[in-house]
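For reference, the structure discussed in these notes is given below.
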Amino acid sequence: GAGVSQSPSNKVTEKGKDVELRCDPISGHTALYWYRQRLGQGLEFLIYFQGNSAPDKSGLPSDRFSAERTGESVSTLTIQRTQQEDSAVYLCASSGVFAADTQYFGPGTRLTVL
Amino acid sequence: AQKITQTQPGMFVQEKEAVTLDCTYDTSDPSYGLFWYKQPSSGEMIFLIYQGSYDQQNATEGRYSLNFQKARKSANLVISASQLGDSAMYFCAMREGRKGGRDDKIIFGKGTRLHILP
Chain A
1 GAGVSQSPSN KVTEKGKDVE LRCDPISGHT ALYWYRQRLG QGLEFLIYFQ
51 GNSAPDKSGL PSDRFSAERT GESVSTLTIQ RTQQEDSAVY LCASSGVFAA
101 DTQYFGPGTR LTVL
Chain B
115 AQKITQTQPG MFVQEKEAVT LDCTYDTSDP SYGLFWYKQP SSGEMIFLIY
165 QGSYDQQNAT EGRYSLNFQK ARKSANLVIS ASQLGDSAMY FCAMREGRKG
215 GRDDKIIFGK GTRLHILP
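Respectively, the protein sequence lines represent chains A and B. For the first sequence, position 27 (counting from the first letter as 1) is numbered 27 according to my numbering, and the numbering increases by one without interruption. Offset between the second sequence (1-based) and my numbering: plus 114.
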């Protein structure tokens, strides 16, 4: 079946603009994650959705960042009033509910804020 | 406090040699899972191997094995007979908490960049 897809693959925006990044998880995966990866760095956890539970937003760096998920399907990560330090690859991953379930990653969205 | 520690930012290894990538973790939860991922220069994240905290034996997947030392909270990745294609970033990750519960997000270490030399 299809893997995790993300759109757009690349986004260039001007400082101060809002951007919306989309993630389509694997069908049936209840868990969905957003990570940020700056150039040459590790994965920085942003937010985690698990089924109908309230999302874990503990990794969101500021109130300019927000994310939504409709049921167990598509998720959107919104960054308002973008700053240059928001430039990074934003990775989405999904997995099943069990502890041993592997995360499957999307190809990422490369965001460049000019 | 950092939950996953990878102390080797970079490593250079001769082709065909075995390589060990270090990972230590910190958790008070008795139930957790440990993962290793590979990220080549293309940027994709590739799952390599998984170890559950209750697993009695070390996980193995082809040339990859996980040296799980629970008392030391260590989960080193061992790659046998390294190949040029193994050059990549390698991330150790942990999922803790109850199955399906709010706490079981997966968190990552900072990674180790592995260079295989011909």
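Using N, Cα and C, we set each Cβ at its ideal position, and we do this for glycine too.
Q) Rounded to whole angstroms, how far is the Cβ of B:K172 from the Cβ of B:L180, which I believe are closer than 8 Å? A) Sequence index remark: in the second sequence, residue 172 of chain B carries index 58 (1-based). Sequence index remark: in the second sequence, residue 180 of chain B carries index 66 (1-based). Checking the displayed sequence, the identity of residue 172 of chain B turns out to be Asn instead of Lys. The C-beta distance from B:N172 to B:L180 rounds to 6 Å, short enough to meet the 8 Å contact threshold.
Q. The beta strand (DSSP E) with A:N10 in it runs from where to where?
A. Counting from 1 along the first sequence, the entry for residue 10 of chain A is found at position 10. Where A:N10 is concerned, the enclosing beta strand (DSSP E) stretches over N10 to T13.
Q) Are the region 34 to 49 of chain A and the region 57 to 65 of chain A in contact at 8 Å, needing three or more beta carbon pairs? A) Touching, yes.
Q) Any idea what DSSP makes of A:D86, helix, strand or coil? A) Here residue 86 of chain A corresponds to residue number 86 of the first sequence, with the count starting at 1. Helix.
Q) Taking only beta-carbon atoms, is B:G124 less than 7 Å away from chain A? A) The residue labelled residue 124 of chain B in the question sits at position 10 within the second sequence. No, B:G124 lies away from the interface with chain A (no Cβ there is under 7 Å from its Cβ).
**Q.** Among B:Y139, B:I230, B:F149 and B:I118, nearest to B:S196 - alpha-carbon criterion
**A.** In the second sequence, residue 196 of chain B corresponds to position 82, counting from 1. For the residues B:Y139, B:I230, B:F149 and B:I118, the minimum Cα distance to B:S196 belongs to B:I230.
Q | Against chain B: residues of the region 23 to 43 of chain A by CB proximity under 9 Å | A | For the region 23 to 43 of chain A, the set of positions with a beta-carbon nearer than 9 Å to some beta-carbon of chain B reads T30, A31, Y33, Y35, Q37, G40, Q41, G42 and L43 in chain order.
**Q.** Supposed contact pair A:H29 and A:S95 - C-beta distance, whole angstroms, cut 8 Å
**A.** Locating residue 95 of chain A in the first sequence gives position 95, counting from the first residue. Locating residue 29 of chain A in the first sequence gives position 29, counting from the first residue. Contact flag correct, Cβ pair sits at about 6 Å.
Q. Quick one: what's A:Q37 bridged to in DSSP?
A. Here residue 37 of chain A is taken as the residue at index 37 of the first sequence, counted from 1. Per DSSP, A:V89.
Q.
By the three-class DSSP mapping on this structure, what secondary structure does B:L198 have?
A. Taking the first residue of the second sequence as 1, we reach residue 198 of chain B at position 84. DSSP places B:L198 in helix when its eight states are reduced to three.
Q: Would you mind telling me which residues of chain B sit closer than 9 Å to A:L91, beta carbon to beta carbon, in chain order?
A: Taking the first sequence and counting its residues from 1, the one referred to as residue 91 of chain A is at position 91. Within chain B, the C-beta atoms nearer than 9 Å to that of A:L91 come from G157 and M159, in chain order.
Q.
Let me make sure I understand the geometry here. Which of A:Q103, A:V12 and A:I79 has the alpha-carbon closest to that of A:T112?
A. If you number the first sequence from 1, residue 112 of chain A lands on position 112. Looking at the Cα atoms, A:V12 is the closest of the given residues.
Q: Quickly, what does DSSP pair A:V74 with across the bridge? List them, please.
A: For the purposes of this step, residue 74 of chain A is taken as residue 74 along the first sequence, with counting starting at 1. Within the DSSP secondary-structure output, A:V74 pairs in no beta bridge.
Q) Hey, quick one: how far does the beta strand (DSSP E) through B:E129 stretch, first residue to last? A) As a working note, residue 129 of chain B is residue 15 in the second sequence. If you look at B:E129, you'll find it isn't in any beta strand (DSSP E); DSSP assigns it neither H nor E.
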